[in-house]
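Asks: Residue numbers (my numbering): 36 to 332.
Glycine included, every Cβ here is placed at the ideal spot set by N, Cα and C.
On a predicted model such as this, the values are computed, not experimentally measured, just so you know.
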Ligand code: ADP
Ligand code: ZN
């Protein structure tokens, strides 16, 4: 079985590993995301060491974005317009491929995680589903008709606009681009700015969570109506609050108000809106799946 390399490239940290899947993933390392040169350089040095022990067939990169995931483009594998200092227009995927001499599968962090969930997790056998992360940002990816969603660039599900709730003490929202988009209303930093405490310190009965579930449900209802997903996987730090799941499910049903006539939503929503089957390994295993897909094509 060929051995793959994987990079989960986040805005705050990078995770690198080698392996073939959930039962064989090893030599994982983590380091902070600093300058592109230093950070990508560390990843390349790591894979050179690994490849010296056993050759790698391909490397998968699941990256924070926006990115260019179009293999036909000159800037394929680049981090493109990110506001993250120093990272705009950075060659990442091609640089890794050149340095290691192997093909690189490159996509958004959330498309990567979605592919991992499809291969080994909570979306096995589904041709249409979405994976959303609710963390420092909010991003979404997934499959439509069995293919990872790309289209114009790639989905930006976190930036759909939402009407502010009348009880929201900060109805203007916090996204520097849009104010009250899903990310600007419901990411971890929005919770912290709205309530003055880090999200992980807010008690389960804090009013923050009703409002959080409301915004997530409005966003999900819109995505359900647009993409008709067969399942929705919610990952990311904020969803570590397990009590959010029943709240979100109930509010999605209320938002849709019986209109979408599927038992998945009307009767079995517990199996429709779910945490990642791969837990917090969805990202790194997604990168393995991206590498594997590269070799298959
Ligand atoms: P990132 O998005 O940077 O990859 P995370 O998914 O962990 O990382 O998201 C970090 C955000 O999630 C922070 O805003 C943090 O406050 C929030 N967060 C992390 N863990 C929890 C938790 N257990 N409960 C609620 N919020 C959390
Ligand atoms: Zn926005």
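My assumption, with CB atoms under 8 Å, is that residue 171 sits in contact with residue 222. Please give the rounded CB distance.
Replies: Along the chain shown, read from residue 1 onward, the residue named residue 171 stands at position 136. Along the chain shown, read from residue 1 onward, the residue named residue 222 stands at position 187. Their Cβ separation, rounded to whole angstroms, is 6 Å, which keeps residue 171 and residue 222 in contact under 8 Å.
Asks: Please classify residue 100: does DSSP put it in a helix, a strand, or coil?
Replies: Within the chain shown, residue 100 is the residue found at index 65, counting from 1. Here residue 100 sits in coil by DSSP.
Asks: According to DSSP, what are the bridge partners of residue 183?
Replies: Sequence index remark: in the chain shown, residue 183 carries index 148 (1-based). Bridge partners of residue 183: 178.
Asks: Does the distance between the C-beta of residue 265 and the nearest non-hydrogen atom of the ligand ADP fall short of 7 Å?
Replies: The sequence position of residue 265 within the chain shown is 230, counting from 1. No, the Cβ of residue 265 stays beyond 7 Å of every heavy atom of the ligand ADP.
Asks: Quick one: grab the DSSP three-state call for residue 112.
Replies: On the chain shown, position 77 is the one that residue 112 refers to. Here residue 112 sits in coil by DSSP.
Asks: Would you check if there are 3 or more beta carbon pairs closer than 8 Å linking the segment 318 to 327 to the segment 97 to 117?
Replies: Touching, yes.
Asks: In three-state DSSP terms, what is residue 202?
Replies: Translated into positions along the chain shown, residue 202 becomes position 167. It is coil, neither helix nor strand.
Asks: When the distance is taken between beta carbons, is residue 183 closer than 8 Å to residue 150?
Replies: Counting from 1 along the chain shown, the entry for residue 150 is found at position 115. Counting from 1 along the chain shown, the entry for residue 183 is found at position 148. In contact: residue 150 and residue 183 (Cβ atoms closer than 8 Å).
Asks: Can you tell me which residues form a DSSP beta bridge with residue 209?
Replies: The residue given as residue 209 occupies position 174 in the chain shown. Residue 209 pairs with nothing; no bridge assigned.
Asks: Tell me whether the beta-carbon of residue 144 lies closer than 8 Å to the beta-carbon of residue 73.
Replies: On the chain shown, position 109 is the one that residue 144 refers to. On the chain shown, position 38 is the one that residue 73 refers to. For residue 144 and residue 73, no; Cβs fall outside 8 Å.
Asks: What is the chain-ordered set of residues for which the beta carbon lies under 6 Å from any non-hydrogen atom of the ligand ZN?
Replies: This selection yields 194, 210, 212, 213, 216, 218, 219.
Asks: Per DSSP, which one or two residues make a beta bridge with residue 292?
Replies: In the chain shown, counting from the first residue as 1, residue 292 sits at position 257. Paired residue(s): none; residue 292 is not in a bridge.
Asks: For residue 80, report the span of its alpha helix (DSSP H) as first-last.
Replies: Counting from 1 along the chain shown, the entry for residue 80 is found at position 45. Where residue 80 is concerned, the enclosing alpha helix (DSSP H) stretches over 71 to 88.
Asks: Could you tell me which of 58, 70, 52 sits nearest to residue 344, measuring between CA atoms?
Replies: In the structure as shown, the chain starts at 36 and stops at 332, and residue 344 therefore has no counterpart that could be examined.
Asks: Return the CA-CA distance between residue 148 and residue 293, expressed in angstroms with no decimal places.
Replies: In the chain shown, counting from the first residue as 1, residue 148 sits at position 113. In the chain shown, counting from the first residue as 1, residue 293 sits at position 258. So the two alpha carbons sit approximately 30 Å from each other.
Asks: Short of 6 Å in beta carbon distance, which residues of its chain neighbour residue 228, apart from the five on each side in sequence? Order them along the chain.
Replies: As a working note, residue 228 is residue 193 in the chain shown. Contacts found: 209.
Asks: Output the distance between the C-alpha atoms of residue 45 and residue 76, rounded to the nearest integer angstrom.
Replies: Position 10 of the chain shown, counted from the start, is the residue given in the question as residue 45. Position 41 of the chain shown, counted from the start, is the residue given in the question as residue 76. Using only the alpha carbons, I get a separation of about 15 Å.
Asks: I'd like to confirm something about residue 148: is its beta-carbon nearer than 7 Å to some heavy atom of the ligand NAD, or not?
Replies: The model on display carries the ligand ADP and the ligand ZN but not the ligand NAD.
Asks: For residue 299, does the three-state DSSP call read helix, strand or coil?
Replies: Counting from 1 along the chain shown, the entry for residue 299 is found at position 264. Residue state, collapsed to three classes: helix.
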